[in-house]
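Heads up: the sequence lines are chains A and B, in that order. Numbering of the first sequence is given in the working numbering, commencing with residue 1 and proceeding in unit increments. Numbering of the second sequence is given in the working numbering, commencing with residue 1 and proceeding in unit increments.
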Amino acid sequence: MNAKKPHLIVNELYKTFEVNNKRVTILKDINFALNKGQFLSIVGHSGCGKSTLLKIIAGLEGYEKGTVKVNGKKVVKSGLDRLMVFQDHRLFPWMKIKDNITIGLRGYSKSQKDDIAYKYLRMVNLKGFENAYPGQLSGGMSQRAAIARALINRPEILLLDEPFGALDALTRIQMQEEIMNIWQTQKTTMILVTHDIEEAIYLGERVIVMSSRPGTIGMKLNVDIAKDRASQEFAYYKSQIYGYFFKHEKKRR
Amino acid sequence: MPELLLPPPGKVIAKFIEELAKGRLQGDIGVSLRRVVSGYFLAAAFGIIMGVVMGMWQLFDKFFTLTFTAIRQIPMMAWVPLLIMWFGIGEESKVAVIFLAAYFPILMNTLNGIKRTDPKLLEVGRMFNIGTLRMFLNIYLPSALPHIFVGLKLGLSISWMAVVGAEMIAASSGIGFRLNDARSLMQFPIVFSGMIAIALVGVFMDWILTFISRLATPWAASK
Chain A
1 MNAKKPHLIV NELYKTFEVN NKRVTILKDI NFALNKGQFL SIVGHSGCGK STLLKIIAGL
61 EGYEKGTVKV NGKKVVKSGL DRLMVFQDHR LFPWMKIKDN ITIGLRGYSK SQKDDIAYKY
121 LRMVNLKGFE NAYPGQLSGG MSQRAAIARA LINRPEILLL DEPFGALDAL TRIQMQEEIM
181 NIWQTQKTTM ILVTHDIEEA IYLGERVIVM SSRPGTIGMK LNVDIAKDRA SQEFAYYKSQ
241 IYGYFFKHEK KRR
Chain B
1 MPELLLPPPG KVIAKFIEEL AKGRLQGDIG VSLRRVVSGY FLAAAFGIIM GVVMGMWQLF
61 DKFFTLTFTA IRQIPMMAWV PLLIMWFGIG EESKVAVIFL AAYFPILMNT LNGIKRTDPK
121 LLEVGRMFNI GTLRMFLNIY LPSALPHIFV GLKLGLSISW MAVVGAEMIA ASSGIGFRLN
181 DARSLMQFPI VFSGMIAIAL VGVFMDWILT FISRLATPWA ASK
């Protein structure tokens with residue numbers, strides 16, 4: 001594969017939904033490209049279409065205009081190369097954790113699946129919970145299992161849809177560290193959708209700021225900086241994004 | 001109330017024990033139970049299959065819903081004359097009444113359970129491309145199981161009612177026949193002991209189903 005060629009290309013993407021017999025534009029003229037192994041954060045208000053964008057890339061949602069290409073191939077359906085982690089963990093309550101996370105694996109025996117499950121559960125610090133049901137896990141633990149369920153299939157692109165939004169502040173910071181570690185060791189291309197500006201800058205190498213109704217790209221930033229929340233650079237990017245939102249809000253009023 | 005019409009509890013219990021000792025009560029219940037079991041299992045099998053098919057494919061749902069809703073309005077006893085014409089007064093007509101009585105609650109609850117499967121979980125299934133069979137086995141079915149068991153329990157109690165009703169109209173054996181026979185002979189303690197037996201068997205069958213449903217949904221207990 002040509003290393004220069006972008007891993008993911010989103011080109012002039014439009015998406016509309018029908019709401020009460022009216023066509024509403026959700027995404028308008030979305031353009032960006034991502035290289036293999038990059039980490040992109042997308043920040044925006046809730047309802048700005050950022051989750052829809054992830055679903056389109058995952059192949060769970062169609063689109064009217066434009067193109068979405070992964071490795072030069074147009075996205076037409078879902079595939080194990082692009083997996084999503086949702087805000088709500090969406091584990092199957094009737095399956096043990098090890099069975100939940102191996103749902104996507106094919107061509108392995110039961111014991112092989114168990115072995116792989118143990119390996120990935122160790123990776124997300126859930127060792128010992130193989131045989132638990134999701135109802136017995138806390139929110140943070142469930143979300144870790146959901147991350148393992150995606151990673152176990154070795155996806156090329158991991159799509160994180162506000163995965164820490166429902167967690168308490170301390171757990172969230174811990175999970176951000178873990179995602180950072182996973183990204184550095186697995187070299188997976190990652191797209192994180194969030195409304196937490198700090199989280200977006202902390203995790204992303206690049207940040208896309210979206211404005212809502214219709215969802216368009218408002219600002220693109222390269223934040224390839226040392227990941228130190230107390231640094232001046234960090235504060236600079238934070239103020240840039242805050243500044244954008246404030247300006248935008250005023251214009252809307 | 002004259003004692004003839006409302007016998008004292010002591011007398012009823014004595015009769016109940018006497019009937020048990022004679023073995024007639026068990027015999028009557030056994031005959032009815034056999035009818036219930038065959039009609040009920042048929043209803044469970046067809047009801048669950050049809051409910052799943054209608055729940056998973058909208059086309060079938062749209063096609064059958066109106067018909068089934070219409071048929072459901074007909075009281076089960078109203079079927080008895082027709083079924084006797086079709087199947088005679090033998091075992092088949094009773095099994096058919098039970099089937100009709102149990103089929104719809106099982107079907108409707110299964111359908112409801114399948115339809116109420118969380119679309120977010122179905123989306124996860126689609127994301128992992130797990131295919132229709134595993135969508136059913138890993139998502140739709142476990143999600144619908146509690147509803148299916150509600151239908152199975154409801155169907156069981158209704159089929160028990162149906163068999164007694166059908167036997168009272170046209171039968172020469174079974175607990176429903178015994179009740180009607182005892183009534184015509186003015187043997188009211190037998191009527192009461194028969195009713196008690198029906199209630200006890202009903203409770204017992206409900207327990208069995210509750211037990212099976214616990215075994216079938218181990219995750220529900222771990223919450």
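Glycine is no exception: its CB is placed at the ideal position from the N, C-alpha and C atoms. Just so it is clear, the structure is predicted and the values come from calculations on it, not from any experiment.
Query, Result
"W219(B) and Y133(A) closer than 7 Å at C-beta", "yes"
"Three-state secondary structure (DSSP) of R82(A)", "strand"
"Element boundaries [alpha helix (DSSP H), containing V193(A)]", "Here V193(A) belongs to no alpha helix (DSSP H); instead the beta strand (DSSP E) covers 189–194."
"F149(B) at chain A interface by Cβ criterion, 7 Å", "no"
"Span of the alpha helix (DSSP H) around K50(A)", "50–58"
"Closer than 8 Å at the beta carbon, the chain A residues around L121(B)", "R90, F92"
"Own chain partners of L121(B) with C-beta closer than 6 Å, once the 5 adjacent residues on each side are dropped", "I139"
"Beta-carbon gap between V124(A) and R144(A) smaller than 7 Å", "yes"
"Beta-carbon proximity check, I106(B) vs G155(B), cutoff 7 Å", "yes"
"Contact set for S143(B): own chain, Cβ-Cβ below 6 Å, skip 5 residues either direction", "T117"
"P142(B) at chain A interface by Cβ criterion, 7 Å", "yes"
"CB contact flag (I208(A), K220(A), <7 Å)", "yes"
"The region 61–73 of chain A / the region 4–14 of chain A touching (three or more Cβ pairs under 8 Å)", "yes"
"Inter-residue CB distance, A4(B) and F188(B) (contact presumed, cutoff 8 Å)", "In the sequence as displayed, the identity of residue 4(B) is Leu instead of Ala. Correct: roughly 6 Å between the Cβ atoms."
"Of the residues D161(A), L167(A), K238(A), the one placed nearest E198(A), counting alpha carbons only", "K238(A)"
"Touching by the beta-carbon criterion (3+ pairs, under 8 Å), the region 88–103 of chain A and the region 170–184 of chain A", "no"
"Beta-carbon proximity check, D161(A) vs F86(A), cutoff 7 Å", "yes"
"Collapsed DSSP secondary structure at T117(B) in the structure displayed", "coil"
"The region 64–73 of chain B contacting the region 7–19 of chain B, beta-carbon criterion three pairs below 8 Å", "no"
"Selected residue, minimal CA-CA separation from D29(A), among N222(A), N20(A), L151(A), Y63(A)", "Y63(A)"
"Three-state secondary structure assigned by DSSP to I208(A)", "strand"
"Residue closest to H45(A), alpha-carbon to alpha-carbon, out of D224(A), S212(A), S231(A), R229(A)", "S212(A)"
"Whole runs of the alpha helix (DSSP H) within the region 110–194 of chain A, excluding any shorter than 4 residues", "110–123, 139–151, 169–186"
"Residues near A96(B) by beta carbon distance below 6 Å, same chain, minus five either side", "L83, F87"
"Where the alpha helix (DSSP H) containing L59(B) begins and where it ends", "58–72"
"Distance between beta carbons of G202(B) and S173(B), contact taken as under 8 Å", "The pair is not a contact, with the Cβ atoms about 19 Å apart (cut-off 8 Å)."
"Per-residue DSSP class, three states only, for N100(A)", "helix"
"Extent of the continuous alpha helix (DSSP H) to which R214(B) belongs", "188–216"
"T216(A) - partner residues in DSSP beta bridges", "S211(A)"
"Where G10(B) sits in the DSSP three-state scheme", "helix"
"Terminal residues of the beta strand (DSSP E) in which F128(B) lies", "That residue, F128(B), is in no beta strand (DSSP E); it is neither H nor E in DSSP."
"Identity of the residue in G139(A), L159(A), P155(A) nearest D168(A) by Cα", "G139(A)"
"A230(A), enclosing alpha helix (DSSP H) - first and last residue", "Run containing A230(A): none; DSSP gives neither H nor E here."
"Proximal residues to F46(B) (C-beta, below 7 Å), its chain only, five neighbours per side dropped", "Y103"
"First through last residue of the alpha helix (DSSP H) which encompasses N180(B)", "175–184"
"Within-7 Å CB hit, M56(B) to chain A", "no"
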